[in-house]
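Chemist: My questions all concern the structure below.
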DNA sequence: CTAATTACTTTGCTTCTCAAAATATTTTCT
DNA sequence: AGAAAATATTTTGAGAAGCAAAGTAATTAG
């Protein structure tokens, strides 16, 4: 018989695969089907207020160079507006266009639906359990990340 | 104040980014640093018994062609053994080499540690709650996937 | 025993990624 | 002020990962 650790592990791995597949498929079938999942996640990271390249790149964990090529395409497709910062002209400000914000909101609502389905029939206390489990998992990652930064140990 | 739906959503999105980053960093610093995350996940999908190409490709949601190139590299690096099936020579059987199994177990133990950190202080009932939440989320995805397959609706 | 099916590989192409070099702007330090 | 350092971004070169479609090999069906 499988322990709950193993069950949860398998569920997480499968969920991980599922989430990407579903998001990709949903995107392909939406009116924003000229966006890849990666591009959608860039829009998601930018959010609804102007941001800098370094800032967004850090959030989604890619190099600024990688983000540049991604933004090039998103500007050409008219999802993103790019302009130099007024105050300090070294900075580039990227923000969502009207179309970009629309795509953002559609994706956002997909996420909301997904999470609502998850917590739907849970009581308030059960929700607490879920949130705390997720927070604990994130805490684990932060610690792990710090350890790895300091010294190798897988 | 943020509702629990939004909190969980944000936690999941951040966890998603974290998981890949940590796995990648941990791998880079391990003795199996000639493996990419994608390759590690192929090893993970193959598991400890021989499998066919189509089978594994389906599990990790890539085309068989994509898997072929991945397996080519893994065979060259000696993590995977590839041979024609005895019974039906159309099939290819892929299985982990000794080195492949070692890498598999190291990654597996990383996953175990991760999940243990997550469920550590949970009671038996809380474990149930977590498992049920995850299952519910997966159920939602399966349904969503089916709907999209049938007809477009993001 | 040909035709269809099944399982896989190859090919051509795009996207995503990084590291390192290049460019532009601002800040710091004589 | 003017050279040097620092900061923010873009460009370049190259590899990894993905797909669709064409090609190959083996088996099954008619």
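Protein chains in written order, with my numbering: chain A, 22 to 175; chain B, 22 to 175.
C-beta atoms are modelled at their ideal positions from N, C-alpha and C, and glycine is treated no differently.
Chain A beta carbons: is any one of them nearer than 9 Å to that of residue 175/B?
Modeler: Confidence in residue 175/B is poor, its pLDDT being 35 and thus under 50, which makes the residue's placement unreliable; the coordinate value appears in the next sentence. Closer than 9 Å to some Cβ of chain A, the Cβ of residue 175/B qualifies, so yes.
Chemist: Rounded C-beta distance between residue 179/A and residue 32/B? I'm assuming under 8 Å.
Modeler: No answer is possible for residue 179/A: it lies beyond the span of chain A, which begins at 22 and ends at 175.
Chemist: Answer yes or no: does any C-beta atom of chain A fall closer than 9 Å to that of residue 114/B?
Modeler: Not one chain A Cβ lies under 9 Å of residue 114/B.
Chemist: Using three-state DSSP, classify residue 52/B as helix, strand or coil.
Modeler: Coil at residue 52/B, not helix or strand.
Chemist: If we call anything under 9 Å between Cβ atoms a contact, is residue 40/B one with residue 37/A?
Modeler: Yes, the Cβ-Cβ distance between residue 40/B and residue 37/A is below 9 Å.
Chemist: Return the bridge partner residues of residue 114/B from the DSSP annotation.
Modeler: According to DSSP, residue 114/B bridges with 73/B and 104/B.
Chemist: Is it right to say residue 69/B is buried, meaning 16 or more other beta carbons lie within 10 angstroms of its own, or is it exposed?
Modeler: Looking at its Cβ environment, which holds fewer than 16 other Cβ atoms inside 10 Å, residue 69/B is exposed.
Chemist: To the nearest angstrom, how far is it from the Cα of residue 27/A to the Cα of residue 133/B?
Modeler: Approximately 7 Å between the Cα atoms of the pair.
Chemist: Assign residue 86/B to buried or exposed, taking buried as 16 or more other Cβ atoms, counted over all protein chains shown, within 10 Å of its Cβ.
Modeler: The residue is exposed, with fewer than 16 neighbouring Cβ atoms inside 10 Å.
Chemist: Kindly indicate which three-state DSSP category residue 99/A falls into: helix, strand or coil?
Modeler: Here residue 99/A sits in coil by DSSP.
Chemist: Taking only three categories from DSSP, how would you classify residue 25/A?
Modeler: Helix, per DSSP.
Chemist: Is residue 147/A helix, strand or coil by DSSP?
Modeler: DSSP places residue 147/A in helix when its eight states are reduced to three.
Chemist: Using DSSP with H/G/I as helix, E/B as strand and the rest coil, what is residue 83/B?
Modeler: Looking at residue 83/B - three-state DSSP - the assignment turns out to be coil, as it is neither helix nor strand.
Chemist: Mind checking if residue 150/B is an interface residue toward chain A, Cβ cutoff 9 Å exclusive?
Modeler: Yes, residue 150/B counts as interfacial toward chain A.
Chemist: What three-state label does DSSP hand residue 195/A in the structure shown?
Modeler: Given a span of 22 to 175 for chain A in the structure shown, any question on residue 195/A remains unanswerable.
Chemist: State yes or no: is the C-beta of residue 129/A nearer than 8 Å to some heavy atom of the ligand ZN?
Modeler: For the structure depicted, the ligand ZN is absent and the ligand set is empty, with no information on it obtainable.
Chemist: Mapping DSSP to helix, strand and coil, what is residue 39/B?
Modeler: Here residue 39/B sits in helix by DSSP.
Chemist: Residues of chain B with a CB under 7 Å from the CB of residue 147/A: which are they?
Modeler: Chain B residues near residue 147/A: 150.
Chemist: Against residue 137/A, what residues of chain B qualify as contacts under a CB-to-CB distance less than 8 Å, listed in chain order?
Modeler: Near residue 137/A (Cβ distances below 8 Å), the residues of chain B are 26.
Chemist: Nearest-angstrom Cα distance between residue 24/A and residue 97/A?
Modeler: C-alpha separation (whole angstroms): 51 Å.
Chemist: Counting along the chain, where does the alpha helix (DSSP H) carrying residue 68/B start and finish?
Modeler: No alpha helix (DSSP H) contains residue 68/B, which DSSP labels as neither H nor E.
Chemist: Output yes if chain A places a C-beta closer than 9 Å to the C-beta of residue 72/B; else output no.
Modeler: Chain A, which has no Cβ nearer than 9 Å to the Cβ of residue 72/B, makes this no.
Chemist: May I have the straight-line CA-CA distance separating residue 102/B from residue 127/A, to the nearest angstrom?
Modeler: Near 45 Å, if we compare the C-alpha coordinates of residue 127/A and residue 102/B.
Chemist: So which residues on chain B does residue 159/A lean against when the C-beta distance must stay under 7 Å?
Modeler: The contacting residues are 32, 35, 36 and 39.
Chemist: Let me know if residue 164/B comes out buried or exposed under the rule of 16 or more other beta-carbons within 10 Å of its beta-carbon.
Modeler: With fewer than 16 other Cβ atoms within 10 Å, it is exposed.
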